[in-house]
Amino acid sequence: MNLKNHTLLWTFTASYFVLVFVNIHLSFLAFFCLITPFVLLWKDRRKTWCQYYCPRASFFTRMTAKKASDKPIPRWLFSPKVKQGVVYYFLFNLMIMAASTTQVALGKMAPMLMPRFLILFPIPVTLPQLLTWNMPIWSTHLAYRLLSMMLTTTIIGLYLGFKYRSRSWCAICPVATLSDQALQKQAEKV
Ligand code: SF4
């Protein structure tokens, strides 16, 4: 892969985790990273995001390059079953996020105002907020859920990056798996 402006791209991911201390609602920027890869895939019919623009891949490279063990990624990690499992987890996470946000908006559930690791494990921290915005509580709940998803995948990506090669996360990244599946379906149609 060939990330353009490699030395700067990683700062977008680093900034994301700083901006949530300015205001948690800035975690909505995660939607940009979730949607843009598929817009570019649809437009270019190839994985432009992965090849040129992904700030997360750049972040993993930057953070782990000097300390990565450089061991090859074990085969099981990029087996179809594991890749598909991560996709299901990703879709399940989005579903829980949408359902819980709706419940909070309807007043049927208390908002969860802290990040979680892997959906299940609360990280009991109160994020200091530099700016206070008057936003509906459901949006604050959603903001923490988005941060949780970004935080979880970043922690796992860093772990894999140190344990194996810097961009090991890319082997199981749901964006890549879903993009590959879309490209394969398209090729079968031709
Ligand atoms: S596989 Fe995922 S982390 Fe890797 S470059 Fe593509 S979108 Fe980024």
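Under our numbering, think of the first position of the sequence shown as 693, with each following residue one higher.
All C-beta atoms in this analysis are idealised placements derived from N, C-alpha and C, irrespective of residue type, glycine included.
In the DSSP assignment, Arg808 forms a beta bridge with Pro814. If you keep only unbroken beta strand (DSSP E) runs of at least 3 residues inside the region 737-783, you get nothing at all. Annotation for Val867: the continuous alpha helix (DSSP H) segment containing it runs 866-881.
The beta carbon of Val882 sits closer than 7 Å to no other beta carbon from its chain once the five residues preceding and following it are set aside. Burial check for Val778: the Cβ neighbour count within 10 Å reaches 16 or more, so the residue is buried. DSSP, reduced to helix, strand and coil, places Arg837 within a helical segment of the structure shown. In summary, Trp741 is buried, with 16 or more beta-carbon neighbours lying within 10 Å of its beta-carbon over all protein chains present. The alpha-carbon of Pro803 is positioned some 12 Å away from that of Ala791.
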